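S.K.: Listed in order, the protein sequences are those of chains A and B. Residue 301 in my numbering sits at position 301 of the first sequence, and the numbers go up by one each step. Residue 650 in my numbering sits at position 292 of the second sequence, and the numbers go up by one each step.
Number of protein chains: 2
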Amino acid sequence: MTALAPGALPGPVLVIGCGLIGTSIGLALRAHEVDVLLADAEPANVEAAVSRGAGRTFSDDTEPYLVVAAVPPAAAEDVVVRALTRWSAAYVTDVTSVKAGLQRAIDAHPEAERFAGGHPMAGSERSGPMAGSAQLFEGRPWAVTPGSRTLPAALDAVVDMALHVGAVPIILEAAAHDRAVALVSHVPQVMSTLTAARLNDAQGNHLALAGPGLRDTTRIAGSDSALWIDILGTNAADVRAVLELVRADLDRVIDALGEDDGVLGDVLESGRRGTELIPGKHGSAPARVDIVHVQVADRPGELSRLMTDTGQSGVNIEDLRLDHDLGRPVGLAEIAVALGVGDSLVEALTARGWTAYR
Amino acid sequence: MTALAPGALPGPVLVIGCGLIGTSIGLALRAHEVDVLLADAEPANVEAAVSRGAGRTFSDDTEPYLVVAAVPPAAAEDVVVRALTRWSAAYVTDVTSVKAGLQRAIDAHPEAERFAGGHPMAGSERSGPMAGSAQLFEGRPWAVTPGSRTLPAALDAVVDMALHVGAVPIILEAAAHDRAVALVSHVPQVMSTLTAARLNDAQGNHLALAGPGLRDTTRIAGSDSALWIDILGTNAADVRAVLELVRADLDRVIDALGEDDGVLGDVLESGRRGTELIPGKHGSAPARVDIVHVQVADRPGELSRLMTDTGQSGVNIEDLRLDHDLGRPVGLAEIAVALGVGDSLVEALTARGWTAYR
């Protein structure tokens, strides 16, 4: 659909909204010497972003090549429509996390062909221009969602911008995007929340039996509730559709427990197959790596010493996890290395005094 | 209930079953010079465990102090009953992952007072005597589940054994144990499975939008299905009770989506509170640490170099995660450090040439 190598990105790029995302876009584009203009309803935000080096203050007489509406969902439609109206040649995009509703609104605009939606899959626990970083999008997916009338040149402009900031553009229609994020982000968030909510029922010392599996499955449930009320509400129909399928499987499991191992096995196998579809190292890790466990004392420099010793063994680390210490002054590192290499890493670490095992 | 420092553990300890768990118990006890006897229905397993240094072959004329039935759930009752009958003074324990059913069976035995159940919360993706390790239980919870007639001395024997192998004994009744593991292990497993199962519905490039949250919530869904059919079936009633509460919350979420943000917020908040109840670093991490992101090239020694540089900055690493690379030759390390220390780590790493940011 488009060549995934950055073309020249002519400036200026006008970033409207100098929060975490807008400032980060400015910083990343400036690193490639793209001319960046900054605007924000709050002049102090522009000042802060300019002081960080994210671009220069927008002035009325400049015609932007690309306008990025880096504003919250509630403001996006208004900012995009005003940009399309005000500049007759500028391409326009946004950064909101649910796309179909905005696309429908923009489709009603006569200049909709210059708009292509965008959604960078990156964030931080911090916000505001001072939290911006030129590296925020490095290696992260950036969904680009052209509408039915979007010009190829408008799509290319947004894709080029995503590539310039180090992101991996993923092109799909707005409705498909919303179904996709329901599946890979919004429903996992709900499931993590539902799992964690039950922990409020725990009695006495029961949670002392918690292991890494519980911490993994409930980690994202610790996120900000207000943010997720907003996201889930905006993508309600797609999230509901997936959750209804989840409920059907849950009903099958509840009925099958202790009664029908065949049904239970079907659901468990379906989940196992699902994990194999996730791109990247983690999803496919169980079958393709050796896991080496190493005890690490909880004091400064120990993990550094372990990594140095691991590095000197010549073995590349595929993945690494630290487990908590459960009231002991020792943690457990899980090092994933290529299949067949685990035993030699255990040997090398043991020779250097570590307690290592598979 | 019992002092949590290891008393002297008189031998001999007879371990029946020389698989991963039994062999690991033998190895760990031998490291403290406890006399360990080994038995297994399969003589080759005993030979292998003896060759690993896990103990000596059991001979008929030896009276054990403690018998550990390290056999699969289906064989546990028979092995425990025979041990209680055969040796009139030995304490007896087991290692199965669901306790109430076995306890009820043993309660019918006249010698039940010498039995206390056990469940080490540790495992490996490998099995058999060659996979055994003296460190398998280090820092892991070991549930010890006395029955109503269990002698204090029998409980102490099992607790002492758990302490000798480096585990953290958690004492609770069998029925309470089964409710606890339903909550912290079995239900999270089902929830992870249900989340991952939906990924089979993904179309086209949708899973390219997957992020670390999806990988975290679905990691344990990659586990062996046969093992989980067995575990879930054995603890069916307790797992069902929790899943029914999950279903009630799920129904509330499905109904509230796009309709009632108050209800949605209640469920999300309940989940967020639940994560704060989990002991250990990870559960409480979001509020108490700074997260520093660092780009790491995917070649041998890079992570080692990063850890060395981090160590030399004098900052202790609270937690560390590696993110996958999404088709780029670069990964992302998330380093958690004490609150307030993040900026100085970013500065130190940047000075050494790393691309680091918060």
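Idealized CB from N, CA, C, for every residue including glycine. Being a predicted model, the structure only gives us computed values, none of them experimental.
For a test of the three-state rule: what should DSSP assign to residue 560 of chain B, helix, strand or coil?
M.R.: Residue 560 of chain B falls in the coil class under three-state DSSP.
S.K.: Does residue 264 of chain A pass the burial test, meaning 16 or more other C-beta atoms within 10 Å, or should it be called exposed?
M.R.: buried
S.K.: What separation, rounded to the nearest whole angstrom, lies between the Cα atoms of residue 326 of chain A and residue 215 of chain A?
M.R.: Model confidence at residue 326 of chain A stands at a pLDDT of 46, short of 50, so the residue's coordinates are unreliable and nothing is read from them.
S.K.: Which word fits residue 45 of chain A, buried or exposed, when buried means at least 16 other C-beta atoms lie within 10 angstroms of its C-beta?
M.R.: buried
S.K.: Which one of A:230, A:161, A:90 and A:318 has the shortest CA to CA distance from residue 24 of chain A?
M.R.: A:161
S.K.: Do residue 442 of chain B and residue 450 of chain B count as a contact pair if the criterion is CB distance below 8 Å?
M.R.: In this structure, residue 442 of chain B lies closer than 8 Å to residue 450 of chain B by Cβ.
S.K.: On the DSSP bridge assignment, give the partners of residue 171 of chain A in chain order.
M.R.: Partner(s): A:144.
S.K.: Expressed to the nearest angstrom, what Euclidean distance is found between the alpha-carbon atoms of residue 8 of chain A and residue 490 of chain B?
M.R.: Rounded to whole angstroms, residue 8 of chain A and residue 490 of chain B show a C-alpha spacing of 58 Å.
S.K.: Shortest alpha-carbon distance to residue 434 of chain B belongs to which of B:471, B:396 and B:476?
M.R.: B:476
S.K.: Return the residue from the list B:558, B:603, B:582 and B:709 that minimises the CA-CA distance to residue 484 of chain B.
M.R.: Taking only the C-alpha atoms, the option nearest residue 484 of chain B is B:582.
S.K.: State the start and end residues of the unbroken alpha helix (DSSP H) segment that holds residue 66 of chain A.
M.R.: Premise fails: residue 66 of chain A lies in the beta strand (DSSP E), 66-69, not in any alpha helix (DSSP H).
S.K.: Any C-beta of chain B sitting closer than 8 Å to the C-beta of residue 360 of chain A?
M.R.: Because chain A spans 1 through 358 in this model, residue 360 of chain A falls outside it and cannot be assessed.
S.K.: Along the chain, where does the alpha helix (DSSP H) containing residue 274 of chain A start, and where does it finish?
M.R.: 261-276
S.K.: Smallest Cα separation from residue 310 of chain A: which of A:275, A:290 and A:346?
M.R.: Considering only alpha carbons, the answer is A:346.
S.K.: Please confirm if the segment 249-261 of chain A is in contact with the segment 584-592 of chain B, defined as three or more CB-CB distances below 8 Å between the two stretches.
M.R.: In short, these stretches touch, since the Cβ pair count reaches three.
S.K.: Out of B:575, B:391 and B:650, which has the shortest C-alpha to C-alpha gap to residue 492 of chain B?
M.R.: B:391
S.K.: Using beta-carbon positions only, say whether residue 339 of chain A and residue 290 of chain A come within less than 8 Å of one another.
M.R.: yes
S.K.: Return helix, strand or coil for residue 476 of chain B, following the three-state DSSP convention.
M.R.: Note: residue 476 of chain B maps to strand in three-state DSSP.
S.K.: By a C-beta neighbour count over all protein chains shown, 10 Å radius and 16 as the cutoff for buried, is residue 57 of chain A buried or exposed?
M.R.: exposed
S.K.: In angstroms, rounded to a whole number, what distance separates the CA positions of residue 613 of chain B and residue 243 of chain A?
M.R.: 11 Å
S.K.: Compute the Euclidean distance between the alpha carbons of residue 19 of chain A and residue 120 of chain A, then round it to the nearest angstrom.
M.R.: In a straight line, the C-alpha of residue 19 of chain A is about 14 Å away from that of residue 120 of chain A.
S.K.: Taking DSSP's pairing of strands, which residues face residue 414 of chain B in a bridge?
M.R.: Residue 414 of chain B is bridged by DSSP to B:395.
S.K.: According to a CB-to-CB cut-off of less than 9 Å, which residues of the segment 575-586 of chain B neighbour chain A?
M.R.: The residues in question are 575, 576, 577, 578, 579, 580, 581, 582, 583, 584 and 586.
S.K.: Compare the C-beta of residue 390 of chain B with all C-beta atoms of chain A and state if any pair is closer than 8 Å.
M.R.: no
S.K.: Would you say the segment 171-183 of chain A touches the segment 559-566 of chain B, given that touching needs at least three Cβ pairs under 8 Å?
M.R.: yes
S.K.: Just how far apart, CA to CA, sit residue 642 of chain B and residue 542 of chain B?
M.R.: For residue 642 of chain B, the predicted structure reports a pLDDT of 38, less than 50, and the residue's modelled location is therefore unreliable. A value from the coordinates is still provided. Spanning the two alpha carbons is a distance of roughly 16 Å.
S.K.: Within 10 angstroms of its Cβ, does residue 353 of chain A collect 16 or more other Cβ (buried), or is it exposed?
M.R.: Residue 353 of chain A should be labelled exposed.
S.K.: Just verifying my parser: in three-state terms, what is the DSSP assignment at residue 703 of chain B?
M.R.: helix
S.K.: Whole-angstrom Cβ separation of residue 487 of chain B and residue 406 of chain B, contact assumed at under 8 Å?
M.R.: The Cβ separation is near 4 Å, so the contact holds.
S.K.: Determine the DSSP secondary structure at residue 454 of chain B, reduced to helix, strand or coil.
M.R.: Correct three-state label for residue 454 of chain B: coil.
S.K.: Kindly say whether residue 191 of chain A, judged by its beta-carbon, lies nearer than 8 Å to any beta-carbon of chain B.
M.R.: yes
S.K.: Could you tell me whether the segment 156-175 of chain A touches the segment 669-678 of chain B, where touching means 3 or more Cβ pairs closer than 8 Å?
M.R.: no
S.K.: List the endpoints of the continuous beta strand (DSSP E) containing residue 595 of chain B.
M.R.: No beta strand (DSSP E) holds residue 595 of chain B; the alpha helix (DSSP H) holding it covers 594-614.
S.K.: Would you mind working out which of B:494, B:374 and B:629 sits nearest residue 394 of chain B, comparing C-alpha positions?
M.R.: Relative to residue 394 of chain B, the option among B:494, B:374 and B:629 whose CA is nearest is B:374.
S.K.: Where residue 509 of chain B and residue 465 of chain B are concerned, what is the direct C-alpha to C-alpha distance, given to the nearest angstrom?
M.R.: 13 Å
S.K.: With residue 100 of chain A and residue 175 of chain A assumed to form a contact (beta carbons below 8 Å), what rounded beta-carbon distance in angstroms separates them?
M.R.: 5 Å
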